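So the structure is just underneath, and the comments pick up after that.
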Amino acid sequence: MTYVIAQPCVDVLDKACIEECPVDCIYEGARMLYIHPDECVDCGACEPVCPVEAIFYEDDVPEQWKDYYRANVDFFDDLGSPGGASKVGKIDKDHPVVAALPPQGEDH
Ligand code: SF4
Ligand code: SF4
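The numbering of the sequence shown is my numbering, which starts it at 28 and goes up by one.
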């Protein structure tokens, strides 16, 4: 089980959640952040600090953002399990579901 970052993070990525994560498993993509499903320890510390409520426990992802579970998992297909986001830094790609979105932000 894991926590999942959903669409409200896109083009916001203020990184408030990163500072709360005790295992450094929140990775930065080009337009949003992604939680590593195998490295997340389900502590829940990140969820309440997100200013746009983008973070959900995987069973609680709202219906309209269900694709973001796969987006967070598939983002790591070619990255494996680096074991820490800070040493990896910004990763210049996004999952296709994110890359296809028009610029977000007017409604945040
Ligand atoms: S639930 Fe905990 S371990 Fe998982 S991403 Fe959030 S802060 Fe990190
Ligand atoms: S706190 Fe929320 S909006 Fe900010 S980077 Fe994390 S998931 Fe994205």
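Think of the CB as a built atom: it goes at the ideal place given N, C-alpha and C, for glycine as much as any other residue. Computed from a predicted model, the values in this text were never measured in an experiment.
Could you spell out the range, first to last residue, of the alpha helix (DSSP H) harbouring residue i?
i, result
"residue 118", "Residue 118 -> no alpha helix (DSSP H), and no H or E assigned at all."
"residue 46", "43 to 47"
"residue 89", "Neither: residue 89 is in no alpha helix (DSSP H) and is coded neither H nor E."
For ligand 1, I want to know if residue i counts as a neighbour, meaning its beta carbon is within less than 7 Å of at least one of the ligand's heavy atoms.
i, result
"residue 118", "no"
"residue 68", "yes"
"residue 50", "yes"
Return the first residue and the last residue of the beta strand (DSSP E) that residue i is part of.
i, result
"residue 31", "30 to 32"
"residue 60", "60 to 62"
"residue 74", "Here residue 74 belongs to no beta strand (DSSP E), and DSSP marks it neither H nor E."
"residue 55", "53 to 55"
Between which residues of its own chain and residue i is the CB-CB distance below 7 Å, once the five residues before and five after are set aside?
i, result
"residue 51", "111, 112, 113"
"residue 135", "Annotation note: pLDDT 47 at residue 135 (below 50); position unreliable, coordinate value reported separately. Excluding residues within five positions, the ones whose Cβ falls inside 7 Å are 39, 79."
Classify residue i as buried or exposed, calling it buried when 16 or more other Cβ atoms lie within 10 Å of its own Cβ.
i, result
"residue 71", "exposed"
"residue 28", "exposed"
"residue 19", "Because the chain spans 28 through 135 in this model, residue 19 falls outside it and cannot be assessed."
"residue 88", "buried"
"residue 34", "buried"
Does ligand 4 have a heavy atom nearer than 7 Å to the CB of residue i?
i, result
"residue 28", "Ligand 4 is not part of the structure shown, which contains ligand 1 and ligand 2 as its ligands."
I want to check one thing, is the minimum distance from the CB of residue i to the heavy atoms of ligand 2 below 7 Å?
i, result
"residue 24", "Examination of residue 24 is not possible in this model, given that the chain is present from 28 through 135 alone."
"residue 81", "yes"
"residue 114", "no"
Item to check | Validate contact between the stretch 77 to 85 and the stretch 115 to 122 using beta carbons, cut 8 Å, 3 pairs | outcome: no
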